[in-house]
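Colleague: Chains A and B, in that order, give the protein sequences.
The letter at position 375 of the first sequence is residue 374 when you use numbering that gives the first Met the number 0, and the numbering goes up by one with no holes.
The letter at position 357 of the second sequence is residue 356 when you use numbering that gives the first Met the number 0, and the numbering goes up by one with no holes.
The beta-carbon is built from N, C-alpha and C at its ideal position, and this holds for glycine as well.
There are 2 protein chains.
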Amino acid sequence: MTQRFGFQLHATDGRARTGVISTPRGEIRTPAFMPVGTAATVKAMLPESVRATGADILLGNTYHLMLRPTAERIARLGGLHKFMNWDRPILTDSGGFQVMSLASLRKLTEEGVRFSSHVDGSKHMLSPERSMEIQRLLGSDIVMCFDECPALPATEDEVAKSMRLSMRWAQRSRDAFGDRPGHALFGIMQGGVTPELREESAEALKAIGFDGYAVGGLAVGEGQEAMFGVLDYAPGYLPEDKPRYLMGVGKPDDIVGAVERGIDMMDCVLPSRSGRTGQAWTRRGQVNIKNARHQDDPRPLDENCTCPACRSYSRAYLHHVFRAGEMISGMLLTWHNLHYYQELMQGLRDAIAEGRLAAFVADFHAQRGAGDIEPL
Amino acid sequence: MTQRFGFQLHATDGRARTGVISTPRGEIRTPAFMPVGTAATVKAMLPESVRATGADILLGNTYHLMLRPTAERIARLGGLHKFMNWDRPILTDSGGFQVMSLASLRKLTEEGVRFSSHVDGSKHMLSPERSMEIQRLLGSDIVMCFDECPALPATEDEVAKSMRLSMRWAQRSRDAFGDRPGHALFGIMQGGVTPELREESAEALKAIGFDGYAVGGLAVGEGQEAMFGVLDYAPGYLPEDKPRYLMGVGKPDDIVGAVERGIDMMDCVLPSRSGRTGQAWTRRGQVNIKNARHQDDPRPLDENCTCPACRSYSRAYLHHVFRAGEMISGMLLTWHNLHYYQELMQGLRDAIAEGRLAAFVADFHAQRGAGDIEPL
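Set out below in structure tokens:
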């Protein structure tokens, strides 16, 4: 096992790329989808089940973990990997996005963000230095720079100002991170939907130098068209030889479009959150399992899926346990959704490696267009 | 695999017995603890995980399943085993106890019980004939007679009247059940805490003839002393060569005391329900994982337990995920509790087989007396 962080690009197809990120805790096949383990658990899943879906890496949330059970406590207990029983790579976000969306009494200054916890009202500070400290205490393998993401709608001026603050914070993050062999620090490009600002941000980050680069400030409600608009050019400003991470994305068709545009890593709560609310993602589209049309249906969610929910249970059963409020509903649907997402990623990786991404994408859209399933 | 229902007694130690119940769907080692799968799921567990704890048989609830998703629907979908992905034996209760504790607008007559559903207010009837029909539609391997269990406190007269009604219903259950090779029908002894009534009930049931006999009307709030008082004599009224089932029991020390008194089968929601409320059962007693004393404790719930919760997680983690309201809390603690219960049953079976039950029971009580765990 390698003791260094690295990225090897194996093949490209158009702008799409496939490769492997190496870390001391194992390899991450790219394009990679990272399930979200907010509070040291991927909700409704055991970690061995998450691994069984094909996940190489999880995402942990700095904001949630710093508040409960606290980064210091996790460090005393041996770090996040041991704490949550996941020995493969973990990426942690910086807390910057969630502090702006979840915390109360926020005060943003050049130094950072002061805020009150949404859990118990206690007062905290997040800054580049504190975010680096927390992510080090957690033992994160891939650490994200502390950045600011302006709420939409924002004027170009506001976006520019915010981006330049994030670039100063990126330098402070780099300085505070120091030299930690085997651990990576990723910069986050900002700049909204303005190419000049995106380019300015990318140049600032490259001048500092990072192990990977995220495209930030997307998937915040701007819509798929605007997101793809940025992804049509922004990844091109980033180094070819480093992984590119699109934060908080997304639906299956968002993922496919992002991969087509040169993205290597993504994360999203959607497959796990949907699983708990009775929404399943399949090759043939989204299935709302609470719909009464499933109540007598002996067929699986997806007859071609090999996940435990599809191998062993009917739509009628999944409908019943959802309606009855049983935990197995969230457990099975989350497993299915994560399995589907990872299968999609494997399909994308194989298609890129074999130079047939266009056909794969056409088939992906055609299957979804056919509708979920024929009536009984 | 046998195609008939049968019971082979392998060894006794005092009044305690160990043996095997044979069914076409597999063997049940006795004394047996049956996890409860109320609504076609053992809450917070996948069936393969329930099996991994050592369970040979599950219990399903007629009352819940007849209301949602309905017995007719389950029958159309291939029966309860297929529906819930459990191919081993299932025992179903008759609905008699739960209709009296959960339904509204109940009207009890010689015919049966009319009631309104607690789910949607719809009107239903449960009678010996309807209960047999529902349990047949579900495909239950061990069917329970429809009986009435009087609410406590009750006068001896009320208990006698209720018991005699249950005995008439037992005959009607036997008649309605008919001849179903490979499926068993169990009678239920009533009679409260009055030996003469218990004996009268046992004689009535034996005259009808059943494949097994339950001791009913206990574990309804009368306390352990009163329950053991009845178990000191009541099992002796039942045939030696048929399984004896104590319904709705119980805590680990209830189980040990019941097995000492000649009980072969038990069921209880306690291990699964406790798991969801942060209560763990261990060799050394009950652990309330939400207690702050666990928040920095790197030790497992029980260092000698081999369940997934104890193998891979600290008390600090279990405390954290409980406090954070995460589903993995109920998943891990339920698994632990069911594992502990099944390990206890295996210990009892081995001790009886080897004629050392008294020493096993003394050790069981001594370990619990020592307290949960030493302070850090």
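#1: What residues from the stretch 284-296 of chain A come within 8 Å of chain B, judged by C-beta to C-beta, listed N to C?
#2: Here's a check: name, in chain order, each residue in its chain whose Cβ is nearer than 7 Å to the Cβ of ALA206(B), leaving out the five neighbours to either side.
#3: Look at the alpha carbon of LEU58(A) and the alpha carbon of ALA358(A), and state the distance between them as a whole number of angstroms.
#4: Taking the beta carbon of GLU202(A) as the centre, do at least 16 other beta carbons fall within 10 Å, making it buried, or is it exposed?
#5: In chain A, which residues lie with their C-beta within 9 Å of the C-beta of ASN336(B)?
#6: Please classify ILE288(A): does DSSP put it in a helix, a strand, or coil?
#7: With C-beta atoms as the reference, is ASP146(B) less than 8 Å away from ILE89(B)?
#8: Give the DSSP-derived three-state secondary structure of ARG243(A) in the structure shown.
#9: Just reading off the alpha helix (DSSP H) that PHE253(A) is part of, what are its end residues?
#10: When you compare only the Cα positions, how much space is there between ARG28(B) and ALA51(B)?
#11: So who's on the other strand from ASP12(A), going by DSSP bridges?
#12: How many angstroms separate the CA atom of ILE73(A) from the CA atom of LEU136(A)?
#13: Can you check whether the CB of TYR316(B) is closer than 8 Å to the CB of PHE227(A)?
#14: Residues of chain B with a CB under 8 Å from the CB of VAL320(A): which are they?
#15: May I ask you to report which of helix, strand or coil DSSP gives MET44(B)?
#16: Compare the C-beta of GLY329(B) against all C-beta atoms of chain A and say whether one is closer than 8 Å.
#17: Looking at the unbroken alpha helix (DSSP H) that takes in GLN134(A), where does it start and where does it end?
#18: Give a yes or no on whether the minimum CB-CB distance between TYR312(B) and chain E is below 8 Å.
#19: Return the bridge partner residues of VAL142(A) from the DSSP annotation.
#20: For the alpha helix (DSSP H) holding TRP280(A), just list the boundary residues, first then last.
#21: When the cut-off is 8 Å and only beta carbons count, does ALA102(B) lie next to chain A?
#22: Of all the options VAL214(A), ALA225(A), ALA291(A), which has the alpha carbon lying nearest to the alpha carbon of PRO238(A)?
#23: Do you know how far the Cα of ILE56(B) is from the Cα of GLY77(B)?
#24: Please report the distance separating the alpha-carbon of GLU110(B) from that of SER172(B).
#25: Looking at the structure shown, is SER103(A) part of a helix, part of a strand, or coil, going by DSSP?
#26: Which residues in the same chain as THR69(B) place their Cβ atom closer than 6 Å to its Cβ, once the five residues preceding and following it in sequence are excluded?
#27: Please confirm if ALA213(B) has its CB atom under 8 Å from at least one CB of chain A.
#28: Below 7 Å on C-beta distance, what does ALA323(B) contact in chain A?
#29: Rounding to the nearest angstrom, what Cα-Cα distance links ASP263(B) and PRO30(B) in this structure?
#30: Could you tell me which of ALA15(A), THR333(A), THR22(A), GLU128(A) sits nearest to GLY274(A), measuring between CA atoms?
#31: So who's on the other strand from TYR212(B), going by DSSP bridges?
#32: What did DSSP end up calling GLN2(A) once you bin it into helix, strand or coil?
#33: What does the Cβ neighbour count give for THR22(B), buried or exposed, with the cut at 16 atoms within 10 Å?
Modeller: Quick look at the numbers:
#1: GLN294, ASP295
#2: none
#3: 31 Å
#4: exposed
#5: What ASN336(B) touches in chain A: nothing, since even the nearest Cβ is about 15 Å away.
#6: coil
#7: no
#8: strand
#9: Rather than Phe, the amino acid found at residue 253(A) in this sequence is Asp. From DSSP, the alpha helix (DSSP H) with ASP253(A) extends over 251-259.
#10: 15 Å
#11: ALA15(A)
#12: 7 Å
#13: no
#14: ALA38, ALA39, THR40
#15: coil
#16: yes
#17: 127-137
#18: In the structure shown, chain E cannot be found, because the protein chains are A and B.
#19: THR91(A), LEU184(A)
#20: Per DSSP, TRP280(A) belongs to no alpha helix (DSSP H); it is in the beta strand (DSSP E), 278-281.
#21: no
#22: VAL214(A)
#23: 19 Å
#24: 12 Å
#25: strand
#26: none
#27: no
#28: ALA38, ARG67
#29: 4 Å
#30: THR333(A)
#31: GLY186(B), ARG243(B)
#32: coil
#33: buried
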